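These protein sequence lines are chains B and R, in that order. Using our numbering, read the first sequence as starting at 1 and increasing by one per residue. Using our numbering, read the second sequence as starting at 1001 and increasing by one per residue. Notes for the one structure printed next.
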Amino acid sequence: MADNAVEIKDLKKSFGDFQAVKGISFNIKKGEIFGILGPNGAGKTTTLNMILGILTPTSGRITVESLDINRDALEVKQMIGFMTQETVVENQLTGRDNLRLFARLYHVPEGQISGRIEESLREASLVDFGDARAGTYSGGMQRRLSLVRSMIQDPKILILDEPTTGLDVQSRVSMWSHISSLHRRGITVILTTQYLEEADALCDRIAVIDHGEIKAIGTASELKRMAAQGNILEVTVKDSEVERVNRLIKSKFGIETKVDGDRIIATIEKKSLSTSIKIAQMLEKEGSDVLAFSMHLPTLDDAFLKLTGESLRDAVSKDNTDNRAAMYKR
Amino acid sequence: MGLMKDSFTIFTREMLIFRSSIRTNVIRSLMFPLVIILFFGQLGNSVTNVPVAVANYANNQQSMQFINMLEAQGTLSIAAVTDQASAMNMLRSGSVYIVIVILPTFPSSGTVPSVYIYYANTQFSSIGVALPFIQSAAERFGASAGSQLQSQGSGIIVAQPTSGATTSYRDFLIASVIIMAVAFGGIFSGGFSTILDRQLGSIKLFLIAPINKNAIILGKMMSGTLQSVFYGILALLLGLLFGAQIAMGIGGIVWILLLIFFVALAFSALALLIASRIRAIEQYAIVAQMITLPTWFLSGAFFPASSFPPFLQPFSAGDPLTYATAALRQVMLAGYIIPQTMLLDIFVLAAFSLFVVALSFLLFKKTID
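What follows is the structure, encoded as structure tokens:
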């Protein structure tokens, strides 16, 4: 279909006995911001690497703008801009030389290179730093440089691997507005993220991926609806009480619950308000030490929990530990 | 067309990075050669008391003066013996390093030598100083010293002297230091930068760019070669500064550059080949040292390859650096070229470079990520 920027069909990738991606299929529409959400090791990066052409799929087919990525590898690569998860800049080169290097690698016509470089520096608010070595930049500046560099050739598709991981709040917000503005320009954006609010705020559609499989795909509100009809009740109690309270709610009200740390999470599909009040009264009568009691509409986190059986918050903290460990290894 | 342009882009990037830390690169590349020349280059310069046996068949006044002159500066320690046979026995047993035979015709002005010098090639460092000293002393008496003859173990006498015996040890060493600077430069700078590129992710960015993988290899190989040639030229200049000479004159520079080029190309390609398979810099350093040090030592860096024990000879003969060093010494020390030998040296170097280059293209493409 001509409406799709990327089409993925039955994509599989194995490393030895380990199946990292187990036959996934999805399409990414032209001009949308498509999010790939999943915990570490879910197969996000493997999938991206196959779209980028640096990993060869074990089987399956990927087409980008109706071109097969194997047959027309160079044309496809020309259309894709990519920003890595870890900021990669040429530390010893100046900002300008960084941009010039990639303008040449992406075959920007020689006459247009200088113009593109200045435009990119303006876009990244780095005009005054163009002749300083990128190694002297702050983290946020390097990130902005790597973003404009990944778009030096005016790509049709931009792939961002966890674009805001490790950024402070301000830089994150400015990155979000940057991504949104790309969207308005008509660029197709594919991004992976571990932040639910990021996926929620930015993405037109989201694929939840776990253990190499797509668990769900849809808009943020579709996913939330998928998670639950009705409302979500969250009861936070003292650690020692978790089991007793959980048992009480289950037995007296016949509600399915999930325990996440000191929180007991239940989906109440009908008459959620009055049921919640009854539960509150019951807990009071039983003398439970309730620390917090709340009811809310399903969030993306609830959807994620339901789809993967693991709260993304946990997955993220594990993820960060892994990232840090990986950094120390270097 | 596109391949060359993309390779040049990568090449430019590498050279920009090289230039950005040029001072460190220059200092690092000069450090080792400097240390080697300073410490080992002095071997033999302050030689004293080289044991020499003299058989004086002339027994005239001039011959006595000649012997006195030899003794005067303390360089030689002279033992007078009655006949040549006992002198040669002392040479063979190692109690003297040099035998001087003064013929009855001393000091003849004819074309027939009146002084013969025999030496054991095991003591090259003292020989290197002692021989020119004896020769110049003989020349003062108008005597020609004939060509020096090398004593080999049990046989009587033989062969032309090795080139090392007629020049200073320092000059002998400098040729191999130049080769070392090139080979080590190629292996270390090219390899480390490739591994860093992999660790920091630059390689990934190149791999997703719309360029042929070969352009990455070619670009890196070209820059590695150029940098190594640069290191070689620095070492040559350092050597010249320390008094080495290019016996062949200006024309020799062309040969030197050609030899340096092949070594640079081969070792830059080797660096890519290894670095594409190793992820940790520490590991790479070990492998690189395991390759560079033996190939350098086996090339006859510190003494002529011909004096290696028999079991090492095949390794030395299979070491491409042996040919580079030998050819470079021919140019710098002897000053003339023996066409067949030079042809063989160049052929071996070119074949080895091409082999490594081809292999690195083949394997780098497969293993790099």
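A virtual CB, placed ideally from N, CA and C, is assigned to each residue, including glycine. As the structure is a prediction and not an experimental result, all values here were calculated from the model.
Cβ-based neighbour list, residue i, same chain, cut-off 8 Å, excluding 5 preceding and 5 following
i	result
His296 of chain B	Asn231, Ile232, Glu234
Asp97 of chain B	Glu90
Leu1344 of chain R	Tyr1323
Met1290 of chain R	none
Burial state of residue i, where buried means 16 or more other Cβ atoms lie within 10 Å
i	result
Leu74 of chain B	exposed
Lys285 of chain B	exposed
Thr165 of chain B	buried
Gln1073 of chain R	exposed
Met141 of chain B	buried
Val1254 of chain R	exposed
Pro298 of chain B	buried
Asp322 of chain B	Bear in mind that a pLDDT of 45 at Asp322 of chain B, under 50, signals an unreliable position, so the number given afterwards is only what the model happens to contain. Exposed, by the Cβ-count rule.
Asn49 of chain B	buried
Ala1085 of chain R	exposed
Tyr1323 of chain R	buried
Arg1279 of chain R	exposed
Leu93 of chain B	buried
Leu1003 of chain R	exposed
Ile277 of chain B	exposed
Leu11 of chain B	buried
Ile69 of chain B	buried
Phe304 of chain B	buried
Boundaries (first-last residue) of the alpha helix (DSSP H) holding residue i
i	result
Pro1294 of chain R	1281 to 1298
Leu297 of chain B	It is not in any alpha helix (DSSP H) - Leu297 of chain B carries neither H nor E in the DSSP assignment.
Ala1183 of chain R	1169 to 1200
Gly218 of chain B	Looking at the DSSP string, Gly218 of chain B is not in any alpha helix (DSSP H); the run it does join, the beta strand (DSSP E), is 213 to 218.
Thr46 of chain B	44 to 51
Thr1012 of chain R	1002 to 1020
Arg71 of chain B	First-last for Arg71 of chain B: undefined, no H or E at that position.
Ile277 of chain B	272 to 286
Ile1067 of chain R	1061 to 1072
Thr1325 of chain R	1320 to 1329
8 Å Cβ cutoff, residue i in contact with chain A
i	result
Lys77 of chain B	The displayed structure is made up of protein chains B and R, and chain A is not among them.
Continuous beta strand (DSSP E) stretch holding residue i: start and end
i	result
Glu7 of chain B	4 to 15
Met83 of chain B	80 to 83
Lys22 of chain B	18 to 29
Lys252 of chain B	Not the beta strand (DSSP E): Lys252 of chain B falls in the alpha helix (DSSP H), residues 242 to 253.
Ala1244 of chain R	From DSSP, Ala1244 of chain R is part of no beta strand (DSSP E); its letter is neither H nor E.
Ile190 of chain B	188 to 193
Asp161 of chain B	157 to 161
Phe34 of chain B	33 to 37
Ile1250 of chain R	Neither: Ile1250 of chain R is in no beta strand (DSSP E) and is coded neither H nor E.
Leu1076 of chain R	1076 to 1081
Asp131 of chain B	It is not in any beta strand (DSSP E) - Asp131 of chain B carries neither H nor E in the DSSP assignment.
Own chain partners of residue i with C-beta closer than 7 Å, once the 5 adjacent residues on each side are dropped
i	result
Lys44 of chain B	Ile36, Gly38, Thr192, Ile209
Leu300 of chain B	Leu196, Ala199, Asp200, Ala220, Leu223, Lys224
Ile28 of chain B	Asn4, Ala5, Val6, Phe34, Thr188, Ile190
Glu241 of chain B	Ser288, Asp289
Ile1078 of chain R	Val1052, Val1054, Ile1067, Leu1070, Glu1071
Cutoff 6 Å; reference residue i; Cβ partners in own chain excluding five residues on either side
i	result
Leu307 of chain B	Val208, Lys215, Ala216
Phe1352 of chain R	Ala1266, Pro1320
Phe1206 of chain R	Ile1216
Thr1166 of chain R	Legend: pLDDT at Thr1166 of chain R = 44, less than 50; position of this residue unreliable, value from coordinates given subsequently. Correct list: empty, nothing qualifies.
Ile265 of chain B	Glu234, Lys258
Thr56 of chain B	none
Return the residues of the segment 1208 to 1220 of chain R that lie within a Cβ-Cβ distance of less than 7 Å from chain B, sorted by chain order. Listed in chain order, the positions of the segment 1208 to 1220 of chain R with a beta carbon within less than 7 Å of a beta carbon of chain B are Ile1208, Ala1209, Pro1210, Ile1211.
Short-range partners of chain R found in the segment 96 to 126 of chain B, where Cβ spacing is below 8 Å: Residues Asp97, Leu101, Phe102, Arg104, Leu105, Tyr106, His107.
Any C-beta of chain R within less than 9 Å: which residues of the segment 167 to 194 of chain B qualify? When CB distances to chain R are screened at a threshold of 9 Å, not a single residue of the segment 167 to 194 of chain B falls below it.
Could you list the residues in the segment 42 to 62 of chain B with a C-beta less than 8 Å from some C-beta on chain R, going in chain order? Going along the segment 42 to 62 of chain B in chain order, one finds Leu52, Gly53, Ile54 with a Cβ nearer than 8 Å to chain R.
Across the segment 1204 to 1215 of chain R and the segment 1298 to 1305 of chain R, are there enough close Cβ pairs to call them in contact, namely three or more that are closer than 8 Å? Judged by Cβ distances under 8 Å, the segment 1204 to 1215 of chain R makes no contact with the segment 1298 to 1305 of chain R, as fewer than three pairs qualify.
Taking three-plus beta-carbon pairs below 8 Å as touching, is the segment 1252 to 1268 of chain R in contact with the segment 1217 to 1227 of chain R? By the Cβ test, the segment 1252 to 1268 of chain R is in contact with the segment 1217 to 1227 of chain R, since at least three Cβ pairs between them sit closer than 8 Å.
Within 9 Å of chain B by C-beta, residues of the segment 1183 to 1210 of chain R in sequence order: Taking 9 Å as the cut-off between beta carbons, the residues of the segment 1183 to 1210 of chain R near chain B are Gln1199, Leu1200, Gly1201, Ser1202, Lys1204, Leu1205, Phe1206, Leu1207, Ile1208, Ala1209, Pro1210, in sequence order.
Note down, in chain order, all residues in the segment 1002 to 1014 of chain R with a beta-carbon under 9 Å from any beta-carbon belonging to chain B. Within the segment 1002 to 1014 of chain R, the residues whose Cβ lies closer than 9 Å to any Cβ of chain B are, in chain order, Gly1002, Lys1005, Asp1006, Phe1008, Thr1009, Ile1010, Thr1012, Arg1013.
Count Cβ pairs between the segment 145 to 160 of chain B and the segment 107 to 127 of chain B that sit closer than 8 Å; are there 3 or more? By the criterion of at least three beta-carbon pairs nearer than 8 Å, the segment 145 to 160 of chain B is in contact with the segment 107 to 127 of chain B.
Spell out a yes or no on whether the segment 12 to 28 of chain B and the segment 168 to 185 of chain B are touching, meaning 3 or more CB-CB pairs, one atom from each, closer than 8 Å. Contact between the segment 12 to 28 of chain B and the segment 168 to 185 of chain B is absent: fewer than 3 CB-CB pairs across the two stretches fall below 8 Å.
At a Cβ cut of 8 Å, what residues of the segment 1016 to 1032 of chain R count as close to chain B, listed as they run along the chain? Within the segment 1016 to 1032 of chain R, the residues whose Cβ lies closer than 8 Å to any Cβ of chain B are, in chain order, Leu1016, Ile1017, Ser1020, Ser1021.
Tell me, please, whether the segment 279 to 294 of chain B touches the segment 235 to 247 of chain B by the rule of three or more beta-carbon pairs shorter than 8 Å. Contact between the segment 279 to 294 of chain B and the segment 235 to 247 of chain B is present, because at least three Cβ pairs lie under 8 Å.
Kindly confirm or deny that the segment 155 to 170 of chain B and the segment 79 to 93 of chain B touch, where touching means at least three C-beta pairs closer than 8 Å. Three or more beta-carbon pairs separated by less than 8 Å link the segment 155 to 170 of chain B to the segment 79 to 93 of chain B, which places the two stretches in contact.
Does the segment 1180 to 1199 of chain R touch the segment 1279 to 1295 of chain R, meaning 3 or more C-beta pairs lie closer than 8 Å? In this structure the segment 1279 to 1295 of chain R touches the segment 1180 to 1199 of chain R; the number of beta carbon pairs closer than 8 Å is three or more.
Counting pairs of beta carbons, one from the segment 1326 to 1344 of chain R and one from the segment 1236 to 1248 of chain R, are three or more of them closer than 8 Å? Three or more Cβ pairs closer than 8 Å define a contact, and the segment 1326 to 1344 of chain R meets that threshold against the segment 1236 to 1248 of chain R.
Spell out a yes or no on whether the segment 1086 to 1103 of chain R and the segment 1027 to 1034 of chain R are touching, meaning 3 or more CB-CB pairs, one atom from each, closer than 8 Å. Result no; under three Cβ-Cβ pairs closer than 8 Å.
Using Cβ-Cβ distances below 7 Å, what residues of the segment 5 to 35 of chain B are close to chain R? Listed by position, the residues of the segment 5 to 35 of chain B near chain R (Cβ gap below 7 Å) amount to none.
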